[in-house]
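Note that this note's numbering gives residue 115 to position 106 of the sequence shown, counting from 1, and the numbers run on in steps of one. For each residue, glycine too, the CB sits at the ideal point set by N, CA and C. Below is one structure, written out as structure tokens; comments come after it.
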Amino acid sequence: MLLQHHMLRDVMLAEEGRIRLLQQDWVDRSEELSKACDGFLRTLESLQTLSRPILQTNQQVVAQHRLSALNLRNRVLDCKQEQQAALSSAVERLHDLRNKLNRLKSIESDLVLVLKQQDQHLAGLPHSAPKG
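Have a look at this one:
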């Protein structure tokens with residue numbers, strides 16, 4: 010019982026660490042990707058401004074790059090949602106593990122009480138002396 014208690018506690022600590030890492034990774038990646046996308050969009054807007062006097066072909070290339078940037082931004086949003094789903098799943102697992110640990114603690118407490126009662130009962134029984 011005590012071993013299960015320690016194992017569950019270790020699993021909970023590992024899940025908490027995993028949640029923290031997922032949260033930090035999610036923040037870091039989303040900030041990094043958002044900055045990259047914003048920079049890419051600004052660059053494309055600058056290119057579009059500079060390319061107005063140039064041939065129609067260049068404007069089409071810029072439009073294609075803009076579409077690529079928007080697709081990339083949509084992918085970033087999808088990744089953020091995936092990270093959030095993974096984080097939610099890890100948090101839910103942690104809550105489940107905490108509930109299991111609480112149930113085990115309750116069972117352990119009940120068992121300790123029963124063992125104490127049995128010990129008291131056995132202590133009150135008369136002891137028979139060996140016949141010899």
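Point to revise | For arginine 18 and aspartate 47, the rounded distance between their alpha carbons | key: Here the alpha carbons of arginine 18 and aspartate 47 stand approximately 43 Å from one another.
Check your understanding: Whose C-beta lies closer than 8 Å to the C-beta of isoleucine 28 among residues of the same chain, with five residues either side of it excluded?
Key -> Only Leu96, Ala99, Val100 and Leu103 meet the Cβ criterion.
**Study point:** Of the listed residues Thr66, Leu122, Gln57 and Arg38, nearest to glutamine 92 (C-alpha basis)
**Key:** Looking at the Cα atoms, Arg38 is the closest of the given residues.
Review point. With contact counted as at least three CB pairs below 8 Å, one residue from each stretch, are the region 51–58 and the region 125–133 in contact?
Key: The region 51–58 makes no contact with the region 125–133: fewer than 3 CB pairs, one atom from each, lie closer than 8 Å.
**Study point:** 7 Å Cβ shell around arginine 107 - same chain, five flanking residues per side excluded
**Key:** Here the set comprises Met21.
Check your understanding: From this set, Leu134, His130 and Ser115, which residue's C-alpha is nearest histidine 14's C-alpha?
Key -> Comparing Cα positions, the closest option is Ser115.
Practice item. Note down the Cα distance separating threonine 58 from alanine 72, rounded to an integer number of angstroms. Key: A direct Cα-to-Cα measurement between threonine 58 and alanine 72 gives close to 12 Å.
Check your understanding: Sorted by chain position, which residues of the same chain lie with C-beta nearer than 7 Å to histidine 130's C-beta, five sequence neighbours on each side aside?
Key -> Same-chain partners within the cutoff: there are none.
Review point. Nearest CA to the CA of asparagine 83: which residue from Leu42, Ala94, Ala23 and Leu113?
Key: With distances taken between Cα atoms, asparagine 83 lies closest to Leu42.
Check your understanding: CB-CB under 6 Å to arginine 75, same chain, minus the five flanking residues each way: which ones, in chain order?
Key -> Hits under 6 Å: Leu53.
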